[in-house]
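Heads up: the structure comes next, in structure tokens.
There are 2 protein chains.
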Amino acid sequence: MSDCRADDHRAGVVDAQGQRPALDLIELLFFAYRDFVGDADRRLAADGFGRAHHRVLHFVSRNPGMTVAGLLDLLRITKQSLNRVLKELLEKDYVAQREGEADRRQRLLYVTDAGAALVHELAVLQSARINRALDGCAPGARIHVVDFLEAMVDWPAPEGRRAVTREKR
Amino acid sequence: MSDCRADDHRAGVVDAQGQRPALDLIELLFFAYRDFVGDADRRLAADGFGRAHHRVLHFVSRNPGMTVAGLLDLLRITKQSLNRVLKELLEKDYVAQREGEADRRQRLLYVTDAGAALVHELAVLQSARINRALDGCAPGARIHVVDFLEAMVDWPAPEGRRAVTREKR
DNA sequence: CCATTACGTCAGTTCTATTGACATATCCCA
DNA sequence: TGGGATATGTCAATAGAACTGACGTAATGG
């Protein structure tokens, strides 16, 4: 039986059609990200949450008092998408809102104690995988990995992002 | 206005609650993967395909003649999930099936010329981002990145994987 | 005063994936 | 040879996460 085990796909075969397709890295990113989020997914399911809830929880935890608009910018989703997720987090008391002081239209977002606990639990899970992986690498690997991942991201322009995406958000 | 630009989240703040949560890497993986698959998503949409089609196309292209069961194992999805996607790829002639010689129950999968062309186009897109990112890193970075990503993956046991997942697939 | 902004929400749709139940053809062993 | 296991395909229902489009409300600020 041609069993197609994953080993078959680990060999870094790179065909040379001009662009040097980085096929091994393309696959690796898929596998690594799938298993990485899988850790959190299982834990989230126990609370009736999904991946989207995790993201909101994570970024609100990292940026206490951030606005809904800030969250939309960061996640790059529509407010309708965010709405369902955020509403559930509010109803289940994992996130709390406070009226903005300077601008009372704003709803400043904070994680509750329950939210902080969950987010920490998820961070421990995912960090365990990351740290385990880094332990198996050469000493300086972390810096290279961070550099690479940062370079993979389309960072928003320091200015003007809000202006560009003002509509449809 | 507290605008919450992404810059706010790039600083590698690491709180020290026992486990050393790798918060910066957790976020970085999210941003990097999102932008990485975004390149392909836009191209795929033009052909009426989604991310799932890309994965099938990619792995069939890398493993000509692989079986449906092999694909299910690799992607770790159910056959019902695969069915819709694979059916569309077959109907639109991006993938072809051939009866297995040794085992006539098997449907061996191959990409057609159209499939190979699309998969190559997608690989060029994604490789461009990867190579651009690597160009901005230190010379030896690629090896470290590959090591790290490989260590992040739950590779199936060399043997017995099929036995474990025989059901529900 | 009024346009703009921040937020919320209703309705409908798409895509991916799930569980569960069956159907068919083939393989292979007792 | 007969029957259980395997490989594949399919119907139906559901869930999660995203989308577009259209409104409504309240607060800001020129």
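Respectively, the protein sequence lines represent chains A and B. FYI, the numbering for the first sequence is 1 to 169, going by the working numbering. FYI, the numbering for the second sequence is 1001 to 1169, going by the working numbering. We put the beta carbon where it would ideally sit given N, CA and C, even for glycine. Quick caveat, the model's predicted, so the values are computed rather than measured.
- Per DSSP, Ala1045 of chain B is one residue of the alpha helix (DSSP H) stretching across 1023-1045.
- For Arg129 of chain A, the number of other beta carbons within 10 angstroms of its own is at least 16, and it is reported as buried.
- Proximity to Trp155 of chain A across B:Leu1023, B:Arg1034, B:Thr1067, B:Ile1026 peaks at B:Arg1034, based on C-alpha coordinates.
- Ranked by how close their Cα comes to the Cα of Pro1064 of chain B, the residues B:Ala1116, B:Ser1127, B:Asp1047, B:Leu1023 have B:Ala1116 in first place.
- Boundaries of the alpha helix (DSSP H) around Ala1117 of chain B: 1113-1135.
- In this structure Ile1026 of chain B does not touch Gln97 of chain A by the C-beta definition: roughly 24 Å separates them, more than the 8 Å allowed.
- In the structure shown, Val153 of chain A adopts coil according to DSSP, grouped into three states.
- For the pair Arg1055 of chain B and Leu1029 of chain B, the CB atoms are not nearer than the 9 Å cut-off.
- In terms of CA proximity to Lys92 of chain A, A:Leu57 leads the group A:Leu57, A:Ala141, A:Thr67, A:Ala138.
- Using a CB distance below 9 Å, the part of the stretch 125-139 of chain A facing chain B consists of Gln126, Ser127, Ala128, Arg129, Ile130, Asn131, Arg132, Ala133, Leu134, Asp135, Gly136, Cys137, Ala138, ordered along the chain.
- Residues of chain B whose Cβ lies closer than 8 Å to the Cβ of Val146 of chain A are, in chain order, Gly1012, Asp1024, Leu1025, Leu1028.
- Gln106 of chain A sits in coil when the DSSP states are folded into three classes, being neither helix nor strand.
- Sequence-distant partners of Ala1052 of chain B (beyond 5 residues in either direction) whose C-beta falls short of 6 Å from its own C-beta, in its chain, are Val1085.
- Rounded to the nearest whole angstrom, the C-alpha separation of Ala138 of chain A and Glu150 of chain A is 20 Å.
- The beta carbons of Val60 of chain A and Val95 of chain A sit about 6 Å from each other, so the pair counts as a contact at 8 Å.
- Contacts with chain B at 9 Å (Cβ-Cβ) include His58 of chain A.
- When the beta-carbon positions are compared, Gly1100 of chain B and Leu1108 of chain B come within less than 9 Å of each other.
- What Tyr94 of chain A touches in chain B, judged by beta-carbon distance under 9 Å, is nothing: the nearest beta carbon there is about 18 Å away.
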